[in-house]
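What follows is a set of notes on a single structure, which appears directly below.
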Amino acid sequence: MKEQETVILRGHAGAKKAAELLANGELVAIPTETVYGLAADARDASAVARIFEAKGRPQDNPLIVHIAKMEQLEGLVRQVPPMAYVLAERFWPGPLTMVMEKSDAIPDITSAGLSTVGIRMPSHPLAREIIARSGCPLAAPSANTSGKPSPTTARDTLEDMKGRIAAIVDGGACTVGVESTVVDMTGAYPKILRPGAITEEMIAQAVGCAETDGATLHGLAAGEKPKAPGMKYRHYAPKAPVQLFEGPPDSTAKAILEALQPGDGVLCFEEYLPLLAQKKKRLVYSLGWSWDYAEHSRRLFALLRRFDHTKAKRILAQCPRAYGTNAGAVNRFRKSAGFQCTDCRENRMVVGVTGRSGAGKSLLTSALAKQGALVLDTDAIYHQLLETDKTLLEQIMARFPQAVEQGRVNRRTLGALVFSDEEARLELNAIAHARVIARTKELMAESDCRLVLLDVPLLFESGMDRMCDLTLGLLADREGSIQRILRRDGIDRERAESRLDAQPSDDFYRERCDVLLENRGTLEEFQQKIQHFYERYCR
Ligand code: TXA
Ligand code: MG
134 MKEQETVILR GHAGAKKAAE LLANGELVAI PTETVYGLAA DARDASAVAR IFEAKGRPQD
194 NPLIVHIAKM EQLEGLVRQV PPMAYVLAER FWPGPLTMVM EKSDAIPDIT SAGLSTVGIR
254 MPSHPLAREI IARSGCPLAA PSANTSGKPS PTTARDTLED MKGRIAAIVD GGACTVGVES
314 TVVDMTGAYP KILRPGAITE EMIAQAVGCA ETDGATLHGL AAGEKPKAPG MKYRHYAPKA
374 PVQLFEGPPD STAKAILEAL QPGDGVLCFE EYLPLLAQKK KRLVYSLGWS WDYAEHSRRL
434 FALLRRFDHT KAKRILAQCP RAYGTNAGAV NRFRKSAGFQ CTDCRENRMV VGVTGRSGAG
494 KSLLTSALAK QGALVLDTDA IYHQLLETDK TLLEQIMARF PQAVEQGRVN RRTLGALVFS
554 DEEARLELNA IAHARVIART KELMAESDCR LVLLDVPLLF ESGMDRMCDL TLGLLADREG
614 SIQRILRRDG IDRERAESRL DAQPSDDFYR ERCDVLLENR GTLEEFQQKI QHFYERYCR
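Quick note: the sequence shown uses my numbering, first residue 134, plus one each step.
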């Protein structure tokens, strides 16, 4: 292909220039909220042919067509299935691509000979402005060289596309970081062909049902034909081989530490930087906190690409848990490792249960105990340790001598000492959590239950979330919670309210927990949700 100068464009003026170039049949890389896309007029077969050439993309892998307004949709597809209108209303503009029967406006090269086409309305303001100004539906695959991780910055895009395309519009770092969810709308109900930020649960909630193609989780079986042609290619792979470790973060960090050899690079969660970066010269990059799934998605591709500029011989990586919004990032992680992973899970499932007081934790744990789960209530463990654990007593005596009378901790005094002193509270927590974690591990080791529930009000603050295969947050309405606290603890309303006010908001749990259960309706409804949770995740 002919070498050309690739200019970098910015802002409205850049969008205007990009739109002109596109309308003239040129290739321009544009920012979207997911990843940068390599765009051309989707109706222009010769421009689209140059996309394949610039990327080195196999001809049998169809492109996604990007639109800015609903009116553009109708001309591009034979008909819009009713459910597609519902999903468009709910998730567009945004990271969702819907596959529908294509119209004659889409040339065969764009759809790689398929009778269908994937359409998406991106939410990035510059992408929308460029599409609108150009007047073209834009075919745009991710703007990487085929096989490499997708670019999430203009700089990464330039690295792959310099000299091959007319321009790159710099719209900053992508906020989502992994490509859109691709969902096939040609069947009776939506089928996810490629997971992304719009999850199966979100789609099912909007239209009643949805399923995910098995190949997204485990790769293709030998001889299996992929529903999304792109799924069959080695993908998202940096030069050095990626070795993936899956399981509770504490377990994967330990396994990586044992496997590390000189020359290895590491991708780990923020919490484990001190452990895994012990030796100064080691190449260790952080994916963000272990619970921060949005951050894992944002950083993953950029970090994988960064290793290509190092001498790393292998990349040992902690894989995040694959729940909810993280399904997309985990799918890309597994693809980058060729679906080979070291399984660090034990032969049991550990679920960390958390939520505010009165949210229904004990209801849930007692229901699951009836199904055979081992339930460990860390508050109860702590109170027992206060009576029996010499180390804990000594540590409290050293830091809070006023709270120890005749060799016993006075819980009331201790509570008062830390009540309005945040620093003291954190110190007490650090002391207590270490002992509770040690005791919890002992109790787990003594049991052979296949399902363990850790009831931990401060699941994330204590770091016990990192021992878990799954974290479950319970959310309840305020009045229901107050009523449950009043019934259970026999305190007055004012104290129940101030206790709730001191605890985190719903958003705290929404942001961190793998799965949420809402306890806002009747008791029967909550019990049904518990049963559903058990059947879906714990068996
Ligand atoms: O977020 C995104 O979707 C980004 C940005 C730029 O919008 N684009 C993107 O495009 O990821 P690309 O070409 O890298 O990935 C398109 C995926 C491929 O796996 C392809 O096989 C699948 O979507 N796909 C496209 N059209 C399809 C169709 N008609 N039927 C099934 N799968 C299709
Ligand atoms: Mg791609």
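Note that the Cβ used here is the ideal one computed from N, Cα and C, for glycine as well.
query                                                                                                : result
Below 7 Å from a heavy atom of the ligand MG - residues by beta-carbon                               : P274, S275, N277, S283, E312 and G363
Secondary structure of E627, DSSP reduced to three states                                            : helix
Heavy atom of the ligand TXA within 7 Å of P328 beta-carbon                                          : no
Pick from P214, K295, P282 and G461 that is closest to H351, judged by C-alpha positions             : G461
For D675, the nearest candidate out of M482, Y405, A410 and L154 (CA to CA)                          : Here the chain has residues from 134 to 672 only, and residue 675 is not among them.
Between the CA atoms of V181 and L209 - distance to the nearest angstrom                             : 16 Å
Assigned exposure category for S580 - 16 Cβ within 10 Å defines buried                               : exposed
Touch test, the stretch 478–489 against the stretch 584–602, Cβ-Cβ under 8 Å, three pairs minimum    : yes
is_contact[Y456, chain B] using C-beta, thresh 8 Å                                                   : No chain B is part of this structure, which consists of one protein chain only.
DSSP bridge partner residues for M233 (one or two, in chain order)                                   : V250
CA-to-CA distance, P226 to T249, given in whole angstroms                                            : 21 Å
Reduced DSSP category for N652 - H, G, I as helix; E, B as strand; rest coil                         : strand
First through last residue of the beta strand (DSSP E) which encompasses Q376                        : V375 to E379
Counterpart residues of A609 in DSSP-defined beta bridges                                            : N652
Ordered list of alpha helix (DSSP H) runs contained in the stretch 343–426, each at least 4 residues : 348–351, 382–392 and 406–409
Residues near G304 in its chain [Cβ-Cβ closer than 7 Å; skip 5 each side]                            : P164, H257 and L259
Cβ neighbour criterion (16 or more within 10 Å) applied to I624                                      : exposed
Element boundaries [alpha helix (DSSP H), containing I336]                                           : E333 to V340
CA-to-CA distance, T521 to P590, given in whole angstroms                                            : 22 Å
Cβ pair count under 8 Å reaching 3, the stretch 445–453 against the stretch 540–555                  : no
Rounded distance between the beta-carbons of L160 and C269, thought under 8 Å                        : Actually they are not in contact, since the Cβ atoms of C269 and L160 sit about 12 Å apart, beyond 8 Å.
Closest residue to A300 among R558, L525, S423 and T139 (Cα-Cα distance)                             : T139
Exposed unless 16 or more other CB atoms sit within 10 angstroms - verdict on E312                   : buried
At least 3 beta-carbon pairs within less than 8 Å: the stretch 646–658 vs the stretch 525–539        : no
Rounded distance between the beta-carbons of L326 and A361, thought under 8 Å                        : 4 Å
Inter-stretch contact at 8 Å, needing at least 3 Cβ pairs: the stretch 329–338 / the stretch 240–249 : no
Residue span of the alpha helix (DSSP H) that contains Q528, given as start and end                  : K523 to R532
Three-state secondary structure (DSSP) of I263                                                       : helix
With 16 other Cβ atoms within 10 Å as the buried cut-off, status of L747                             : No information on residue 747 is available, as it lies outside the stretch 134 to 672 that the chain covers here.
Under the three-state DSSP convention, the category C671 falls into                                  : helix
heavy atom of the ligand TXA below 7 Å from L605 C-beta                                              : no
Element boundaries [beta strand (DSSP E), containing V508]                                           : L507 to D510
Segment limits, beta strand (DSSP E) that includes L475                                              : Leu is not the amino acid found at residue 475; the sequence shown has Thr there. Looking at the DSSP string, the run of the beta strand (DSSP E) that includes T475 is C474 to D476.
Environment of A355 [buried if 16+ CB atoms lie within 10 Å]                                         : exposed
Host alpha helix (DSSP H) of A287 (start-end)                                                        : A287 to M294
Residues that R327 bridges to, as DSSP identifies them                                               : V315
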